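Participant: In my numbering, the protein residues as written are 70 to 385.
Just so it is clear, CB atoms sit at the ideal spot from N, CA and C, and this is done for glycine as well.
For clarity, every value in this text was computed on a predicted model and none was experimentally measured.
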């Protein structure tokens, strides 16, 4: 699966018309990273364990069920100084701390109004559609756990047997996780949320127990709308003038449109090239770790101040 993601991304990069990889930009960023040798970032609540392992596992799976919605985030009521994702993650974490994990039955019963209350979006114009999708995603998770995994959050991790690829395939049984696009006649898989679930489990559990995956380092970039933006700001990606102008005007890009697929796929390929360029300079870092590093750098005000592409979908 991961080789298929890489191969499809490389082919899109070869064919792309609106997005280009700047090899000189790759080399410059690799040189900078190799000199700096940054350690792991620490800004994601998904990586902070609870006192009970069961709650940590349930939190990671529940959070990643709703780890999307960036196309709606400009409309959300955000917590002070927090992004849309950190607003959602913070609200969910507070619920877990106060009341414990949702049971699968509780997840199956959730409606849009419950999600609006949980995530602090009651009465927010424009948030209704996303809250309805969050409710659908959480109901899907509860039903999947009940029907396929004995109503246990540990069930899918046990079924994966230490294989990240297997867990990605299991998660993709849920419709909103089926993150596969088409580009001309080419099938282009991304599986962003399913892949990041594996990485979050590994970080939350320190690579042990539910976070032990023998193929963790095969994960690719988790293609969203922030890391490609960081790559563009760092001179690694270049956008055609028309695409850049549309993004500057904050126009929504249609999910699955050629430009949207190119942004995500060329970013995946760029991070593969960046990992290789770093390794050639003696700085070994895997694509999934580069993703975490670049995502954390995307929280900087100077990065956030520049418009990035927005797409309304359930993939990121």
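Does the segment 209 to 218 touch the segment 257 to 273, meaning 3 or more C-beta pairs lie closer than 8 Å?
Facilitator: Short answer: they don't touch.
Participant: Would you report the Cα separation of residue 318 and residue 276, rounded to the nearest angstrom?
Facilitator: Rounded to whole angstroms, residue 318 to residue 276 spans 42 Å at the Cα level.
Participant: Drop a sphere of 10 angstroms on the beta-carbon of residue 279, count the other beta-carbons inside from all chains shown, and report buried for 16 or more, exposed for fewer.
Facilitator: Classification for residue 279: buried.
Participant: Are the beta-carbon atoms of residue 321 and residue 377 separated by less than 8 Å?
Facilitator: For residue 321 and residue 377, no; Cβs fall outside 8 Å.
Participant: Among 138, 284, 94, 242, which has the Cα closest to the Cα of residue 188?
Facilitator: If we check each option's Cα against that of residue 188, 138 comes out closest.
Participant: Measure the alpha-carbon distance for residue 349 versus residue 274 and round it to whole angstroms.
Facilitator: C-alpha separation (whole angstroms): 30 Å.
Participant: Leaving out the 5 sequence neighbours to the left and right, which residues in its chain are closer than 6 Å to residue 292 when beta-carbon positions are compared?
Facilitator: Result list for residue 292: 259, 261, 333, 336, 337, in chain order.
Participant: Leaving out five residues on either side along the sequence, give the residues of the same chain with a beta carbon under 8 Å from the beta carbon of residue 81.
Facilitator: For residue 81, where only same-chain residues beyond five positions count, the Cβ hits under 8 Å are 252, 255, 257, 330, 331, 334, 335, 338.
Participant: In the DSSP output, what is residue 249 paired with across the bridge?
Facilitator: Paired residue(s): 258.
Participant: Evaluate contact between the segment 187 to 205 and the segment 144 to 152, counting only Cβ atoms and requiring at least three cross-stretch pairs below 8 Å.
Facilitator: Contact between the segment 187 to 205 and the segment 144 to 152 is present, because at least three Cβ pairs lie under 8 Å.
Participant: Start and end of the alpha helix (DSSP H) containing residue 53?
Facilitator: Outside the displayed range of the chain (70 to 385) lies residue 53, so it cannot be described from this structure.
Participant: Return the bridge partner residues of residue 307 from the DSSP annotation.
Facilitator: Bridge partners of residue 307: 89.
Participant: What do you get for residue 205, buried or exposed, if any count of 16 or more other CB atoms within 10 angstroms of its CB means buried?
Facilitator: By the 10 Å Cβ count, residue 205 comes out buried.
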